[in-house]
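Per our numbering, the very first residue in the sequence shown carries number 5; after that it's consecutive. Glycine residues also receive a C-beta, built at the ideal position from the N, C-alpha and C atoms.
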Amino acid sequence: MSKKKIALGVLGVFASVVLVVLALGATRPTRYLVTRSLVVDATPEQVAPMLTDLHAFNTWNPWDEMEPTSTKEYSEPASGVGAWYTWRGDQTGSGRMEIISISPRRVDYGLHFTAPMEDSATVHFDLVPEGTTRTQVTWSMEGEQDFMGRVFSVFVSMDSMIGGDFERGLVNL
Numbered sequence: 005m006s007k008k009k010i011a012l013g014v015l016g017v018f019a020s021v022v023l024v025v026l027a028l029g030a031t032r033p034t035r036y037l038v039t040r041s042l043v044v045d046a047t048p049e050q051v052a053p054m055l056t057d058l059h060a061f062n063t064w065n066p067w068d069e070m071e072p073t074s075t076k077e078y079s080e081p082a083s084g085v086g087a088w089y090t091w092r093g094d095q096t097g098s099g100r101m102e103i104i105s106i107s108p109r110r111v112d113y114g115l116h117f118t119a120p121m122e123d124s125a126t127v128h129f130d131l132v133p134e135g136t137t138r139t140q141v142t143w144s145m146e147g148e149q150d151f152m153g154r155v156f157s158v159f160v161s162m163d164s165m166i167g168g169d170f171e172r173g174l175v176n177l
């Protein structure tokens, strides 16, 4: 068999694999949801300040633990609805997180990544009392995946990418 026929055969197999991956990506959901929960030895009232003050948030944030030297800028005040912080790091990329709502049993954030790629998501923390001294804390993140995100999810899901980070953060909390 000639080198030209072998090269064309290899090219055909490669093109077929690419088309299959693109087709699989097209069938993936456009929305994702990652959720982890842990019961902690604290009341919802004791947990809430760790979520509603962004300086306190970064004492247990798993990505800050991963890259404590990242550059951060905080709003004044750095707590309450409308408070935000930005970060920039070599490992953690860059972005902005803002508290968008607070209720006695839930805190919501808007999250906007600017690097390594542009993306937005919504983050929720739900606090459910477990007896009088414990709280089930549920950390969720949801967002939309563009076509390339869906293709990427053929190989690695959002859940497998960040679920372990959520678990580490909840243990740190």
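Here the alpha carbon of tryptophan 91 sits roughly 22 Å from the alpha carbon of valine 38.
Nearest Cα to aspartate 45 within the set Val141, Lys9 and Pro72: Val141.
Pairing histidine 116 with serine 124 gives a Cβ-Cβ distance under 8 Å. In the same chain as aspartate 130, and ignoring 5 residues on each side of it, the C-beta atoms closer than 6 Å to its own belong to Arg110 and Thr142, in chain order. Inter-residue distance for glutamate 122 and alanine 82 is about 24 Å (C-alpha atoms, whole angstroms). The closest CA to that of serine 144, considering only Glu80, Gly135, Asp169 and Met152, is found on Asp169. Burial is judged here by how many other beta carbons sit within 10 angstroms of a residue's own beta carbon; aspartate 68 has at least 16 and is buried.
Its Cα nearest to that of histidine 128, the residue Gly114 stands out among Ala119, Thr139 and Gly114.
When rounded, the separation of the alpha-carbon atoms in glutamate 49 and arginine 35 is 32 Å. Using a 10 angstroms sphere on the CB of asparagine 176, the tally of other CB atoms stays under 16, which defines it as exposed. DSSP places glutamine 140 within a strand segment (E or B) once states are collapsed to three.
Residue pairing by DSSP puts lysine 76 in a beta bridge opposite Trp91. Beta-bridge analysis with DSSP links alanine 125 to Leu115 and Gly147.
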